[in-house]
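Going left to right, the sequence shown walks through residues 0 to 408 as numbering that gives the first Met the number 0 numbers them. Note that CB positions come from ideal geometry on N, CA and C, so glycine has one too.
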Amino acid sequence: MRGHIRKRSSSWEYIVDVGMAAAQRCTGCNRRLWIERKPLNECPRCGGELFETEERRRAIKGGFATQKECAAAMTKVLSAVEESRFVAPSTLNLRDYLRKEWLPAIKATVRPATFSSYTMLAEQHIVPSLGSTKLQRLTPAAINALYGRLLESGRVKGEGGLSVSSVRRVHAVLHRALRDAVRWGYLQASPVDGADPPKQNGTHAERPVWNREQLLAFLDSLADDRLFALWRLLAMTGARRGEALGLRWEDLDMEAGTITIRRSLGVIDGEILLSDPKTKRGMRTIALDALTLEALKAHAARQADERQEWDDAWVDSGYIFTREDGSSLHPYAVSATFRRHTRAAALPEIPLHSLRHSYATLAISSGVNPRIVSARLGHSTVALTLDVYSHVLPQADAEAASQIAALLE
Numbered sequence: 000m001r002g003h004i005r006k007r008s009s010s011w012e013y014i015v016d017v018g019m020a021a022a023q024r025c026t027g028c029n030r031r032l033w034i035e036r037k038p039l040n041e042c043p044r045c046g047g048e049l050f051e052t053e054e055r056r057r058a059i060k061g062g063f064a065t066q067k068e069c070a071a072a073m074t075k076v077l078s079a080v081e082e083s084r085f086v087a088p089s090t091l092n093l094r095d096y097l098r099k100e101w102l103p104a105i106k107a108t109v110r111p112a113t114f115s116s117y118t119m120l121a122e123q124h125i126v127p128s129l130g131s132t133k134l135q136r137l138t139p140a141a142i143n144a145l146y147g148r149l150l151e152s153g154r155v156k157g158e159g160g161l162s163v164s165s166v167r168r169v170h171a172v173l174h175r176a177l178r179d180a181v182r183w184g185y186l187q188a189s190p191v192d193g194a195d196p197p198k199q200n201g202t203h204a205e206r207p208v209w210n211r212e213q214l215l216a217f218l219d220s221l222a223d224d225r226l227f228a229l230w231r232l233l234a235m236t237g238a239r240r241g242e243a244l245g246l247r248w249e250d251l252d253m254e255a256g257t258i259t260i261r262r263s264l265g266v267i268d269g270e271i272l273l274s275d276p277k278t279k280r281g282m283r284t285i286a287l288d289a290l291t292l293e294a295l296k297a298h299a300a301r302q303a304d305e306r307q308e309w310d311d312a313w314v315d316s317g318y319i320f321t322r323e324d325g326s327s328l329h330p331y332a333v334s335a336t337f338r339r340h341t342r343a344a345a346l347p348e349i350p351l352h353s354l355r356h357s358y359a360t361l362a363i364s365s366g367v368n369p370r371i372v373s374a375r376l377g378h379s380t381v382a383l384t385l386d387v388y389s390h391v392l393p394q395a396d397a398e399a400a401s402q403i404a405a406l407l408e
């Protein structure tokens, strides 16, 4: 392991022996190609056949104004080689790293919905701006500039910028991708560590929810609806749309009065797929109230009649909530139906997911222990529940004080 410096015209350069490295040689023109990622099939210069070999590699860098600057830089390289931290120069750009290296490598390690989200964020927001930048030349300043552009004009459809939370999701993708680039020997350090993603305001925005009277009005308006049991289950358990649509009849214990959530039905890249819950606590058993259990029993009888009516054309999907022919419901169609019912009931329009927030808000404000609410929602931690619904806690605290005082009067 040796190095030396030399003067080239008006500047200085260092040359360091960094050891043996994997390479390819062309049998035609004898060109040497360092193997940065995967071996090539043919010589890019002459198209000749390549064979793999190991050769001694040197790191060369010039452009230093003084001999002292050049020597100091060479010393850093020598230390990195000695401590096995040296990263060989590479022409790999961020676009090829994300598309050909990182995304294929992590696909089997994350949930399908997560992989789809990572791919979308990379293709829509990272690659267009920074894709052609060499991975080893990516800087914190360039990443900060990306965040600024996204906040100002990052929307793919329409005009305007992305929200702070959306830009922070882009930051999370870059952070993980470049952290892996360090682990895999493409970078000495991640430039994302020196970047400054936009800060959240410190609190979760309050979700649009229905109060007790509005939720009762919604359920009353759908008492005769074919999917009444679905709407009541969502309203009384806080289950996510995909969790409810993924329920099978074996997940329902009529005798114990419980439902067990084991999977989620969602849309990923236009295809309906089943996936595991988001966290370990997402797989949970939830107690049902008597009226919800009765609604599910009535739903089971209705589905049995539909099965008989469709006869051989019946699709035995096994799901609790299905179309009339037994096939699975499309999640987007369920959300669209919810919007129509909301308008028909003359209620404030909220997204279907806000039934979950309505349930949690009502439960906590009614004095239900946040630990119980967290378990029923399938949150990863009680702290997450308290953080998301912190705006409800003062009201719940005041009601608890009144209740305790009433006990002592």
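Residue i, buried or exposed, once every other Cβ within 10 Å from all chains shown has been counted against 16
i      : result
Trp230 : buried
Thr52  : exposed
Met19  : exposed
Phe50  : exposed
Val155 : exposed
Gln199 : exposed
Arg211 : exposed
Gln302 : buried
Trp11  : buried
Glu151 : exposed
His170 : buried
Leu407 : exposed
Ile59  : exposed
Trp101 : buried
Val17  : buried
Arg283 : buried
Gly377 : buried
Met253 : exposed
Spatially closest choice to residue i from the options, by CA coordinates
i      : options                        : result
Glu242 : Pro330, Tyr358, Gly269         : Pro330
Val27  : Gly159, Arg44, Gly18           : Before going on, a small fix: residue 27 reads as Gly here, not Val. Comparing Cα positions, the closest option is Arg44.
Gly281 : Arg375, Cys69, Tyr13           : Arg375
Ile125 : Leu97, Pro139, Ser115          : Leu97
Ile14  : Ala21, Lys75, Pro38            : Lys75
Arg239 : Ala222, Thr259, Ser152, His298 : Thr259
Cys25  : Cys42, Ser379, Ser220, Arg262  : Cys42
Ser365 : Tyr388, Arg262, Arg30          : Tyr388
Leu264 : Leu361, Glu254, Val333         : Val333
Leu214 : Thr65, Ala21, Ala70, Glu348    : Glu348
His298 : Pro276, Thr132, Thr321, Ala312 : Thr321
Glu293 : Ala312, Lys277, Leu232, Asp268 : Leu232
Lys277 : Thr291, Val381, Arg110         : Arg110
Ser165 : Ser83, Tyr146, Arg182          : Tyr146
Ser116 : Asp315, Gly269, Ser316         : Gly269
Gly2   : Lys296, Ala362, Ser78          : Ser78
Ile363 : Pro350, Asp386, Gln307, Arg342 : Asp386
Leu290 : Asp219, Ser128, Glu82, Ser83   : Asp219
Trp248 : Lys37, Ser316, Glu68           : Ser316
Asp195 : Arg262, Thr341, Lys67, Ala144  : Ala144
Ser9   : Gly62, Glu48, Glu35, Asn40     : Gly62
Contact belief for residue i with residue j at Cβ below 8 angstroms, rounded distance in angstroms
i      : j      : result
Ala112 : Phe217 : The Cβ separation is near 28 angstroms, so there is no contact.
Leu246 : Tyr318 : 7 angstroms
Ala228 : Gly256 : About 14 angstroms separates the two Cβ atoms, so there is no contact after all.
Ala121 : Trp33  : The Cβ separation is near 26 angstroms, so there is no contact.
Arg167 : Pro139 : 16 angstroms between Cβ atoms; not a contact.
Ser327 : Ile271 : 6 angstroms
Gly237 : Tyr358 : 4 angstroms
Arg206 : Ser189 : So it is not a contact: roughly 34 angstroms between Cβ atoms.
Asn92  : Gly153 : About 21 angstroms separates the two Cβ atoms, so there is no contact after all.
Leu186 : Ala180 : 5 angstroms
His356 : Val163 : That pair is no contact at about 20 angstroms.
Ile4   : Ala70  : 6 angstroms
For residue i, three-class secondary structure by DSSP
i      : result
Leu287 : coil
Asn210 : coil
Ala345 : coil
Val266 : strand
Phe50  : strand
Lys75  : helix
Asn40  : coil
Asn368 : coil
Phe114 : helix
Trp33  : strand
Arg57  : strand
Lys133 : strand
Gly153 : coil
Gly377 : coil
Gly62  : strand
Whole runs of the beta strand (DSSP E) within the stretch 1-31, excluding any shorter than 3 residues: Whole beta strand (DSSP E) segments, 3+ residues: 2-7, 10-25.
Contiguous beta strand (DSSP E) assignments of at least 3 residues, all confined to the stretch 215-276: Annotation: the stretch 215-276 contains the following complete segments of the beta strand (DSSP E) (minimum length 3 residues), in chain order: 257-260, 263-267, 270-274.
Unbroken stretches of the alpha helix (DSSP H), 4 residues or longer, contained in the stretch 315-362: As far as the stretch 315-362 is concerned, its whole alpha helix (DSSP H) runs of at least 4 residues are 330-343.
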